[in-house]
Amino acid sequence: MDSTGSNSSAEPARAARADIVVGLTSYNDARTIGAVVRAVEGGLSRYFESSAARIVLADARSADGTREAARAASSGALIEVDYPSPKAFAAVSYHGYPGRPAALRAILEAAQRLGARGCAVLDTALVSVTPEWIERLIGPVLTGGFDYVSPYFARRVNEGAITKGIVYPMFRALYGARLRQPAAAEFGCSARLVAHHLDQDFWDLEQAETGIDLWLAVAAACGEFRICEASLGARATSRDTPSDLSTTLAQVVGALFADVEHRVEIWQRTRKSIPVPVAGAVPEIAPAPVNVEGLIEAFRLGYRELRDIWTWVLPPRTIIELGRLVEMPPDRLRFDDRLWANIIYDFALGYSLRVLPQEHLLRSLTPLYSGWLASFVGQVDGAGLGEIEQRVEELCLGFEAEKRYLIARWRWPERLR
Amino acid sequence: MRRHANANDPLWYKDAVIYELPVKSFCDGNGDGIGDFRGLIEKLDYLENLGVTCLWLLPFFPSPLKDDGYDIADYTNVHPSYGTLEDFTKFLHAAHERGLRVAVELVLNHTSDQHPWFQRARSAAPGSPERDYYVWSDTDQKYKDARVIFPDGEESNWTWDPVAGAHYWHRFFHHQPDLNYDNPAVVREMLRVLDFWLDLGVDGFRLDAVPYLVEREGTSCENLSETHAVIGTIRAHVDAAGPGRMLLADANQLPADVRAYFGEGDECHMAYHFPVMPRMFMALHLEDRDPVVEVMERTPSIPETCQWALFLRNHDELTLETVTADERDYMYLAYSADQQGRLNAGIRRRLAPLVRNNRRRIELLNAILFSLPGTPVIYYGDEIGMGDNVYLGDRNGVRTPMHWNGDRNGGFSRADPPRLYSPVIMDAVYGYQAVNVEAQESDGASLLHWMRNMIRLRGLFRVFGRGSVEFLRPANRKVLAYVRSLEDDVVLCVANLSRTAQPAELDLTSFAGATPVEMLGYTEFPPITAAPYFLTLGPYGFYWFELQR
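First to last, the protein sequences are chains A and B. Residue 73 in my numbering sits at position 73 of the first sequence; the count goes up by one each step and never skips. When you read off a place in the second sequence, starting at 1, and then add 1000, the result is the number in my numbering.
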């Protein structure tokens, strides 16, 4: 592989063409980036030896020698791209990567300039990357005719629970694609989808800072693209989550709701969901115990303190049902799937109607989410991945069944206060 | 940065909901009793929240205001009562930030007699380029076949000017001399005016009184080919400035004549459909769909890139120029038995008083407005059911201050009430204490919320702005039914024009197998079969159905 070591964003235009581009997004990942680069190069040489490949590094101005570590680890296919500095935002993004939209755009632009047929993106804080990831993310594009490859990570019951309980069910019900982890930072895509992504109008939006990964998945799901999932095992990262639950929830769910608001014409015409094929076997992972007492207490406290705010978006029937749940003993606390779907849908509508400041509204969802998570954990505690997936599947069917409720409320909103 | 639908669509006007407002009437930001751009900026959140997508501003240019600003004395500035050019650019930027497009008036046909062009012309030598900016004659006997448009105010289209020692031509008031479009210098001047506002970022122009630009002996001096040539020149100029700018023709003519203002897609992008407006009111009062169906079926097809602008009410009288004499008499008896409400060939009332403040009728008319082929135009205040004052003279009774709340002056201005440019509506039924935005915001069942929901719902379906229309003919003529279609989207609209419940038996055999889903509540109705489809509609009730397969 050729060495460039350039730090010029114009460099890819002069570089040789590449069949494959693997984009790396980094930020103070000196400890881990070397292993990631080696794993990527290993994957490229093992599975795509006959294809010209480049690794494109988009570093967010790390101060710990991340770039140097990458160069040291690379055998020569590394291209470094610069991109505009991120603006200062009020909140730290949940993924801890400043300027992520600009970094991703720089990678996709480089892939387009290099004429890549397939492109994969990885975060260099990962400590679980193996060469097989490259094959799983790129292979379906180059040989299977797929345009978008979404990772499918094996997760314990409380890992990625916002995705399990909100993002995946709502994404699936609204956009019709059963992508289980649509907000993941890793993905693979075709040249056609790269062009489509670069043509989107959301790159410069402030909310893209936290929503870009999800929005790219939505853009793929809403277009005429072939989509699949790639089983990548567990996802482990060295980067600490810089935000608390409430902030993460507000950012992730806010990004989802913002996109829902923008794509009404599409999701109101999508009437069923379609399964997507999964490349690779999904490994079993050992269950881990979860302490739900704190979750239940947060739910009860929230009911006492935030019920008045909830009445701006939740109809009386829902408030009554929540009141009953609050009184339940912890071992019998169960959120009905219909109830949870309706709560999320009502929050999405309230977000769109701006009945309250959107940030306040989203943060008020936290205790409800805690209650739901306690209920969810209580139902699948100690279960294996298959049982968890089955329970999530039931929840998704609940979201799909209640989609009519969302559409009806969206089309003719009832002012509750 | 915000994200807006249709941001880059050059045909945005096909999906738009236009909101017409006079700056002077909307909100007074500096407390002098006259609405201004500062006040308007304060209310942009309200307009964005209402769901409208384009603001059409009535004239705000320097003017002696003898015709409410349509007598322009300077085309490239802002009347000091409404603010400054800087205020306008701030407003324009703030509107664009919210995804609201802005259309302004381009009064092509005439200027104020105070315009420097006219002052210069009347003193210039006959035959000189300056003199030729306007239409002069030694006699008032030329162009006798041209009608007088404002018979209540003018006896002739000619007025003697003692300074010039000649008669000058005016199709409207005598203080509004017509520009001479046979003079290429005039065309160049108007193109410079266009450039001025285009450069500022304006999205569209309403071409006022567009049929009257050119005069020829032996004709009505309306809709002449020479006039169309001028419009074609303007369109080419606008197109050359870049995509996404819209021209809206104000031609109060029959559809067949208005059709010409679209050209082959090379004149105006939009034109008002004047005749359908009075016929909607007529159909409602007659409880018979025929007036609407008949005029819509007589409406010629228009180029793909063009669009009709539909409205219920505007800043003028409810014009009856495009109906027959019998129909005009019927409309007067039905909607303005009181002579005070009549003006020129029309009725100077707002929507709510016209339908006697009947909420169901207001909703039904708006439902028809929003679902017929075209882009709806809402007149400010009609979204809350504002009333009018027929005793204010001319059309001023429908141009009173907007009602924002129940405070002094309806929240329109902090000025002492005598300083207001016009008294606010204060009667017991329509007064600002009873009818205002704040009160309706807090009432979930208010007309304002209903309008907001309807606008939002309409915005979800491009079929309303771009789809074809096919009228159905159920035996019961009190029921108006039509199908709108665009690609896979098919929407069935059914309206009961009667004050009593009505049955409808619809022939929907061509849609057999489809399931009607009522659009407001997303409720499935029984599937369509080869048999007649039965519906029952409540008084003034209406349905919009998606026909899903």
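C-beta: ideal position from N, C-alpha, C; glycine also.
Segment limits, alpha helix (DSSP H) that includes residue i
i	result
A1309/B	It is not in any alpha helix (DSSP H) - A1309/B instead sits in the beta strand (DSSP E) that spans 1307-1311.
P1401/B	Where P1401/B is concerned, there is no enclosing alpha helix (DSSP H), given that its DSSP letter is neither H nor E.
E68/A	66-73
Y1543/B	From DSSP, Y1543/B is part of no alpha helix (DSSP H) but of the beta strand (DSSP E) over 1542-1548.
T318/A	316-327
I138/A	131-142
Cβ-Cβ separation, residue j to residue i (assumed contact under 8 Å), whole Å
i	j	result
V1437/B	H1403/B	7 Å
L362/A	G254/A	5 Å
A1504/B	L1537/B	6 Å
F187/A	L179/A	Not quite, the Cβ-Cβ distance comes to about 10 Å (not below 8 Å), so this is no contact.
C1493/B	S1371/B	5 Å
D1443/B	G1467/B	Their Cβ separation, rounded to whole angstroms, is 33 Å, which puts D1443/B and G1467/B out of contact at 8 Å.
Own chain, CB closer than 7 Å to residue i, minus 5 neighbours either side, in chain order
i	result
A103/A	T25, A58, A60, Y83
D1154/B	Per the sequence presented here, residue 1154/B reads as Glu, with Asp not at that position. Excluding sequence neighbours, E1154/B sits near V1148, F1173, H1174.
R17/A	A52, L114, G115
E387/A	V380
E1470/B	Y1482, V1483
L1213/B	L1108, N1109, Y1181, T1227, V1230
P413/A	L349, L353
Q1433/B	G1406
I344/A	I166, M170
E1317/B	L1343, N1344, G1346, I1347, R1348, R1395
Beta-carbon contacts of residue i that lie in its chain and below 6 Å, excluding the five residues immediately before and after
i	result
L198/A	L108
Y148/A	C189, L193, A220, F225, I227
V1258/B	A1251, A1271
D29/A	T66, T124, A125
S1336/B	R1342, I1347
W1136/B	A1166, Y1168
8 Å CB neighbourhood of residue i in its chain, flanking five on each side removed
i	result
L1103/B	This sequence places Ala at residue 1103/B; Leu is not what is there. Closer than 8 Å at the Cβ level, and outside the excluded window around A1103/B, lie I1018, C1054, L1055, W1056, L1057, V1202, D1203, G1204, F1205, R1206, M1246, L1248.
A1236/B	D1266
S218/A	Contrary to the premise, residue 218/A reads as Val rather than Ser in this sequence. F171, Y175, P182, D259, R263, listed in sequence order.
Burial state of residue i, where buried means 16 or more other Cβ atoms lie within 10 Å
i	result
S1081/B	buried
N1008/B	exposed
V1163/B	exposed
S1413/B	buried
F1534/B	exposed
I320/A	exposed
K403/A	buried
K272/A	exposed
S1446/B	buried
I274/A	exposed
N291/A	exposed
F1395/B	In the sequence under discussion, the amino acid at residue 1395/B is Arg, which differs from the Phe named in the question. The residue is buried, with at least 16 neighbouring Cβ atoms inside 10 Å.
T1529/B	exposed
Y1391/B	exposed
R1313/B	buried
For residue i, the first and last residue of its enclosing beta strand (DSSP E)
i	result
D1087/B	No beta strand (DSSP E) holds D1087/B; the alpha helix (DSSP H) holding it covers 1085-1097.
P1516/B	1515-1518
Y1330/B	Y1330/B -> not in any beta strand (DSSP E); alpha helix (DSSP H) instead, spanning 1325-1335.
N1496/B	1489-1496
E1105/B	1101-1107
M1246/B	1246-1249
D123/A	118-123
T1375/B	1375-1379
T1159/B	1158-1161
Please list, in chain order, the residues of the segment 1434-1464 of chain B that have any C-beta partner in chain A closer than 7 Å. G1444, H1449, N1453, L1457, L1460
Tell me which residues of the segment 1507-1523 of chain B have at least one Cβ-Cβ distance to chain A shorter than 8 Å, keeping chain order. M1519, L1520, G1521, Y1522, T1523
Mind checking the segment 251-268 of chain A against chain B and listing, in chain order, the residues whose C-beta falls within less than 7 Å of any C-beta there? H262, V264, E265, Q268
Can you list, in chain order, the residues of the segment 184-210 of chain A whose Cβ is nearer than 8 Å to any Cβ on chain B? D201, F202, D204, L205, E206
Contact residues within the segment 394-411 of chain A, judged by C-beta distance below 8 Å to chain B: R404, I407, A408, R411
Against chain B: residues of the segment 353-367 of chain A by CB proximity under 7 Å: none
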